[in-house]
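Structure first, then comments.
Chains as they are written, first to last, in this note's numbering: chain Y, 1 to 424; chain C, 425 to 848; chain D, 849 to 1272; chain F, 1273 to 1696.
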């Protein structure tokens, strides 16, 4: 019996899908302890936008350690943090005229959401949050109340309160869907929140992902997001964009909402922001919101991670020149071109996505599971997401070499067709 | 205006107490960007038990990075994780006959507490948790409900529910305290929880720190902890020890409860477990509790941190031989000997602590603040904790050289006496 | 200063609308202490379906008192209760093949709703209740969470939890309404409750009024109620009809849902059930639901009111022969015929109602208030309801003489036209 | 099968203890439909302080009905209400210099508690209420959260929130009790509520019965009540006395707290206030608290009960002259003298009470149940209360003739001794 079977909690999950022991990794390739190689279309759940052991970051981090740079500093000032903040301001915020402050917290996405909810509630003196069907925002009690999936909610042990869920404004309408997604929902919310006898009161904030990655790669339409932003403004509610999984370049620009002409009050970032897999979480908060914080009110021991600042600074470098984002557009097209025929071939398949994030909704979890397993055996790591795990998520490192990308896509299409058989 | 003033959130805290920019650090010394050195009696809020840039860990981590070891792996298996788990099992769990499983989660203490609460509630089919006055357990909504300090609670924005607070069983009774601490509280709880007309129902779990570090270095008596453990057993409630700040060797043994003859169902670990400041959080959960988890129910992107596994494995090395723990006993005595006279000299001073963790309760926050500031100017980093910040916390790296320890203590005592003046 | 000004709570309300002291009353006429007479189109908020001091009931009650009948008996058996239950069973339940049990509780509508929520939650092991926009269900904390009007909700002092509000299925669509009422809402709920990643879970019960009297005389369509009943069945949720204000004959049949072919699990009754204004509240609960109660779990001191049983038995008499219900149809038509022209004349007016309950929605509260005041001065008691008090509610005793009915309607129309002026 | 078995809810309770059908009643005697007489030591759960069908009230009520007095008036003014309010002010409030306003609500005790909680929360802008072990305050969700007995709490179906329970300050210490009742609890609360790191915040109100009738006839000491009142004042919390069961003359004065030199902000009254068993509920609220109500914020259809005003006015007559209250003292002594020997005879028996309310705590519910059943068979109605039903409650009408009182006490003692056997 391995140490994992003997001593690791029954809660372990991904190791059941990929039942090997990984040893080393470089850019888009992971190698197990038997030497078998895998192309990584999972990227650490969207963390590793710049690949495993990104060479630039690796060098910077080793140099930092060698020089005895401060590894751990809570919210004291450090030179590494100063560099990160300066570079982020210059490269990301200033070109967008974003006046937002940077708030660091315990380095997990769920902590960033918890912090966002706290300040939104304080500023508005309201308690209710509106989140959306299929949204994923974390596992701690405040964020979990916003997460839609009943698998996670059922573990809470206490009622999940102070959050209302409305239908997400998908760009594509799933067949058979009667939720009345899209702008109808915005109008319904406007009516409900404007009527003092509706039983509902305007929320502290609307919390939304522009693309629900865990939720099944559901893509909100630009029009819907703009309507939502307008509604938030009308109601005096904050708009919080959870860009934890789809920010940091995934969609071909730093933020997933770039170019959508919306102006979020808070942006939650984690996963990719620390660059190469060491943790960081950071909220961008408008100054008029941020000023309501008192010093030290929302702490977190690991909120000052030196290595993440160093690697994260290197990551920002990818946004100082257009090369990588241009590549994302090219590679994204390659991805879509490769999988689009599946949608045509199978009635039950729907393809959704943007940038270098795509989901193949195969209609049910069993089918998706079989495809994931077949790919794994064939040296490709993909993962299922969405309700009942019915969507195969493609989220490779943005830096994946084109030949690996193409070969992996071929593998994926091959196994999908094998599992799904002749066209429906 | 510095980037910090221009762009960092108003919530920043420690940087206001230590208004410099730290650059490098080694063992118990931090150096700011002006080259000024500070002896570190804060240790990253108890994370850096083995010092900044611990040489053993530094080498191991650099080697790991150079070899392209997996940095980030969620809950997939990795060779680094295997080594960590094997070493932890052999060195820590087996000698204590602890059958506990290891559960990894988002790498912050608050996430570990949230996970513990979830499983405790599920197993017992109860919702209420008992926590204690002055306890500190984290910032996310579930853990925050257990944290006692109103400064943190007031930021929640929603009512904090499903947690009852009872007086903590301090070894020393603060003057003027009428909470009826100690075993009286255990008997009161027994009465309340045994009476079906008390308005209270037996809790899912009792969540307790053996020493409340943030809460003011309040030390629970062994007798009280044993009574609490017995009560938990009687009521069918779990006993959860939050050893996040005072575990990992701080008290002269790996767990703070070693030698107390209590048998917790869950132990929460974070801070020091990752070795040198990179994040890790891990719960030890009895198998009969752990088996109630379903795979993937409590996730967290950064729950598989390669560097933390590598450094954390090195940290375990310090428990394979008796040297460091022996040193802790010696240095702890040096600390107590240095500060004990203050308690004699000043009526309002109370000294509390164990191992290499001591608190000097100077009676009010203003006095403590003045002492902290004077020490900082004189090159010593200490921090205030407890209600209103009235307790100066001494928590140096366990590996601090003896001469630095003594010199820092002298600095501390000198400034305490300067600030407090002639004996009361 | 009157005793009312000197000593009655500031919360007093109706006495501000009708600033006189009432002394006597008979059928549809109330007389103040100055001898001025008023036709009563308010009927004690829908309690006095059979008029003030109904002669049949008056005699029966006086005889009962004279004979030393038991006045107050909690849930002991009494002969008066036996008679009431037998008569109710024979006249109301058996002809409808309703197997429901009768549950008596503290004699207010809100207590009946609280009891219904408790047993629905127990039976389904779920916590959430679905109520509807503009619904009114009472003032105590459990029922208040179901009540939609923010005026009442704002007095709760604590968050109102465990209830979701959806748009009510009005027969008529208010102009400008974008809630997507009607069957669209049923389909939306079906989608949300069938999707395990919607963030919502199927409710314990749907709680609905067939006509929202306090909410503005909003009439649910038969089709919508049938769809709702079907959805409840699908989801394993209970259907609770709150017939407190519109049951007991108000719509021309005992229950407001008679003839709609729906089969509620619980029916809440109060107001009119006690016959002549003494309190009673009673739930009708299907045996398979009711059997989950344990004896004495939901008590209420005044749940056994002898006078209400006696008067209530007499009230049942009105359902043993068709006369009164036939009259309701005739008089209801008279009401509608009198006020329907207002809808034609004024764009902003909408007429809604059924049986002998009508609402004139005049578009805003100020207009309605002026009309109510003018009617009062002219000897007619009407009241405003709905959001912002924009709807004038007509709810006379069912036993009102036809000439009084016609004269009162003329008064009402006259003042409405005076206040609203020439046609818009 | 009787109609009760066929059609009454399984929740019915007292009818299972007294399995007969009551028909008539006069003062302290109830008669069943077989003509069997029972002396009533239960008085409708403390409602019938002035006996069944009290002759004074009966005449007044019949006259009122005959003259077509207004039976039901919500919170409109009526002449019957004016008389009641004037008489209550003159006889009860003015002699005590109580400036309180009278607030009427849905006529059940639980509604009065709900109203008190709402205004207390609003005035203090706090949510938490402190209630006490063994307290009973009602069945609706807000009041139920204050009720201590798990039998009732378990029916709520949702978590009961925003209320903390502390040990009640019994005058007598139950053997084996380790709750640390009495002033120790007051000091503990003072410490907890004064410490900003206790996890507790000062409550909106302390809600307390001076004698817990349902809770087992537990009598608070005057000293404890005064300490509690002082603590409330210190903390800016309201003091709410729930005098629903033990007010209205039961203890030998109108209020149970008369002569205790405490000054409650709110007094909740119901049960006996309506005089002869028709419902009324009324809160006395200090003007500076009451002024925070907005008109109509806490409604209740049956809040203006004409018959209860009429009978209640007659009840006030008993406080205009000293006769009845003098009698209560004499009869209370007779009661105590009769049962005190049981306490001496049986180790497990404890006698508690005051005025004409006594409890015989026989140590366990089975014993109490057997005594209650034996008394019933022998023509005496008594009831069990307290945890597990271990206390026999003696609460006869205050107007019971002395010979009936003595004979009933003899019956009770006889059966107690029969059931309990020779002295322990």
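Beta carbons are placed, not taken as given, at the ideal position from N, Cα and C, and that holds for glycine.
Following the continuous alpha helix (DSSP H) through residue i, name the residue where it begins and the one where it ends.
i: residue 1335/F; result: 1327 to 1338
i: residue 1506/F; result: 1494 to 1507
i: residue 123/Y; result: 109 to 124
i: residue 504/C; result: 503 to 512
i: residue 1001/D; result: 998 to 1001
i: residue 706/C; result: Looking at the DSSP string, residue 706/C is not in any alpha helix (DSSP H); the run it does join, the beta strand (DSSP E), is 706 to 709.
According to the neighbour-count rule (16 or more other Cβ atoms, all chains shown, within 10 Å of its Cβ), is residue i buried or exposed?
i: residue 232/Y; result: buried
i: residue 1603/F; result: buried
i: residue 216/Y; result: buried
i: residue 1093/D; result: buried
i: residue 1169/D; result: exposed
i: residue 638/C; result: buried
i: residue 834/C; result: exposed
i: residue 389/Y; result: buried
i: residue 1306/F; result: exposed
i: residue 857/D; result: buried
i: residue 1353/F; result: buried
i: residue 448/C; result: buried
i: residue 167/Y; result: buried
Could you tell me the alpha carbon to alpha carbon distance between residue i and residue j, rounded to whole angstroms?
i: residue 1606/F; j: residue 1484/F; result: 21 Å
i: residue 193/Y; j: residue 998/D; result: 11 Å
i: residue 1396/F; j: residue 1415/F; result: 18 Å
Cβ of residue i less than 8 Å from any chain F Cβ?
i: residue 1072/D; result: no
i: residue 903/D; result: no
Taking the beta strand (DSSP E) that residue i belongs to, which residues open and close that run?
i: residue 949/D; result: 949 to 952
i: residue 521/C; result: Residue 521/C -> no beta strand (DSSP E), and no H or E assigned at all.
i: residue 384/Y; result: 383 to 385
i: residue 462/C; result: 461 to 464
i: residue 763/C; result: Careful: residue 763/C lies outside any beta strand (DSSP E), inside the alpha helix (DSSP H) at 747 to 769.
Determine whether the Cβ of residue i lies closer than 8 Å to any Cβ atom of chain D.
i: residue 409/Y; result: no
Using beta carbons (cut-off 8 Å, strictly below), is residue i in contact with chain Y?
i: residue 425/C; result: no
i: residue 489/C; result: yes
Please name the residues in the stretch 97 to 111 of chain Y whose beta-carbon is closer than 7 Å to at least one beta-carbon of chain C, in chain order.
-> Along the stretch 97 to 111 of chain Y, going in chain order, the ones with a CB nearer than 7 Å to a CB of chain C are 101, 102, 103, 106, 107, 108, 109, 110 and 111.
Chain C contacts from the stretch 13 to 24 of chain Y (Cβ-Cβ distance under 9 Å) | Considering only beta carbons, the part of the stretch 13 to 24 of chain Y lying closer than 9 Å to chain C consists of 13, 14, 15, 16, 17, 18, 19, 20, 21, 22, 23 and 24, in chain order.
Report the residues of the stretch 1598 to 1632 of chain F with a CB closer than 8 Å to any CB of chain C, ordered along the chain.
-> Contacts with chain C (Cβ-Cβ distance below 8 Å) from the stretch 1598 to 1632 of chain F involve no residue at all.
What are the residues of the stretch 149 to 160 of chain Y that lie near chain C, defined by any Cβ-Cβ distance shorter than 7 Å?
-> 151, 152, 155, 156, 157 and 158
Anything in the stretch 970 to 993 of chain D with a Cβ closer than 8 Å to a Cβ of chain Y? List those residues in chain order, please.
-> 975, 979, 980, 981, 982 and 983
Scan the stretch 1297 to 1314 of chain F for residues whose Cβ lies nearer than 8 Å to a Cβ of chain D and list them as they occur along the chain.
-> 1297, 1298, 1302 and 1305
Taking a cut of 8 Å between CB atoms, which residues from the stretch 1030 to 1042 of chain D lie near chain F?
-> none
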